[in-house]
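Just below is one structure, and these are the notes that go with it.
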């Protein structure tokens with residue numbers, strides 16, 4: 270008989286050590302042992318993919334090797350546009366374990382600190398910024414692993430010496446490229462990268478105005494005024510709402526109210542003067 274379908278069933282029993290008795294003989298190799306991510310600077314510090322210009326963010330580094338023998342320090346970090354640009358823009362954030370003078374005043378006013386939750390986590394706060402050539406920012410950090418605990422480096426922050434957790438405990442030969450423990454094998458040097466999109470709150474307000482400016486005066490005069498106003502309104506709605514500051518709105522309405530009040534006073538004064546100067550008519554004798 271050609272074709273058809275055959276179904277079989279079988280039971281199999283495996284005798285051997287229990288899963289808890291099985292131990293791997295090899296070591297876990299981690300190419301990038303330190304994970305870096307960008308979190309919200311307040312609240313529950315959840316990871317973020319985008320932020321507003323000026324927001325306070327939290328840079329978080331965490332070693333993935335769950336081993337007390339290994340520690341790490343953040344050696345250098347730099348920021349660059351997230352997309353390829355013609356200009357080679359680059360901002361050095363951390364150098365030698367300390368925030369650079371270019372960012373220590375405002376963007377990163379505090380050094381790297383060990384997290385209160387775990388010694389395997391280090392954090393630094395950063396104010397959201399962006400480059401003119403791109404809306405996304407890419408941050409790359411050079412990480413060095415320590416065998417044993419890392420000691421803090423002394424940073425000059427605003428004329429005050431503060432500790433930043435970014436210097437290894439003891440010097441090692443440059444020939445050392447990997448560290449091995451009972452469970453892990455990790456490279457001594459590695460890189461960690463993260464990126465996010467920075468939104469400019471003022472961009473949405475300016476964009477509708479720029480779209481209206483594209484409508485030439487010749488077009489406005491050549492068509493019916495009602496159609497022109499309708500076209501401008503539709504253009505504004507397509508691009509977004511026109512946002513005005515609260516004080517600007519109050520100022521505009523204040524000026525309008527003052528003009529209406531002055532106009533009412535002038536009209537009232539004119540009517541009263543007209544009424545008073547009108548001669549009374551006398552009846553014929």
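Numbering (my numbering), first residue to last: 270 to 554. For glycine and all other residues, C-beta sits at the position ideal for the given N, C-alpha and C.
Excluding the 5 residues preceding and the 5 following residue 423 in the sequence, name in chain order all residues of the same chain whose CB lies nearer than 7 Å to its CB. Walking along the chain shown from the start, residue 423 turns up at place 154. Cβ neighbours of residue 423 beyond the five flanking positions: 430 and 432.
In chain order, what residues of the same chain lie with their CB nearer than 6 Å to the CB of residue 338, ignoring the 5 residues before and after it? As a first step, residue 338 must be located in the chain shown, where it is residue number 69. Within the same chain, residue 338 has close Cβ partners 450.
Of the choices 544, 469 and 538, whose alpha-carbon is the least far from that of residue 319? Along the chain shown, one-based indexing puts residue 319 at 50. Among 544, 469 and 538, the Cα nearest to that of residue 319 is on 469.
Can you tell me whether residue 335 is buried or exposed, with buried defined as 16 or more other CB within 10 angstroms of its CB? What you label residue 335 is simply residue 66 of the chain shown in a count that begins at 1. Exposed, by the Cβ-count rule.
Going by C-alpha distance, which of 546, 542, 332 and 368 is nearest residue 348? Against the chain shown, residue 348 aligns to sequence position 79. Out of 546, 542, 332 and 368, 368 has the C-alpha closest to the C-alpha of residue 348.
For residue 263, which residues from the same chain have a beta carbon less than 8 Å from its beta carbon, with the 5 sequence-adjacent residues on both sides left out? Look at the range of the chain in this structure, 270 to 554, and you will see that residue 263 is not part of it.
Would you kindly work out how many angstroms separate the C-alpha atoms of residue 395 and residue 527, rounded to a whole number? As a first step, residue 395 must be located in the chain shown, where it is residue number 126. As a first step, residue 527 must be located in the chain shown, where it is residue number 258. Cα to Cα, the separation comes out at about 46 Å.
Alpha carbons only, please: which of 385, 393, 461 and 463 is nearest the one belonging to residue 376? Along the chain shown, one-based indexing puts residue 376 at 107. Nearest option by C-alpha distance: 393.
What's the gap between the Cα of residue 371 and the Cα of residue 361? For the purposes of this step, residue 371 is identified with residue 102 of the chain shown, where counting begins at 1. For the purposes of this step, residue 361 is identified with residue 92 of the chain shown, where counting begins at 1. For residue 371 and residue 361, the distance between alpha carbons rounds to 8 Å.
Which word fits residue 453, buried or exposed, when buried means at least 16 other C-beta atoms lie within 10 angstroms of its C-beta? Start at 1 with the first residue of the chain shown, and residue 453 comes out as number 184. Answer is buried; the Cβ neighbour count reaches 16.
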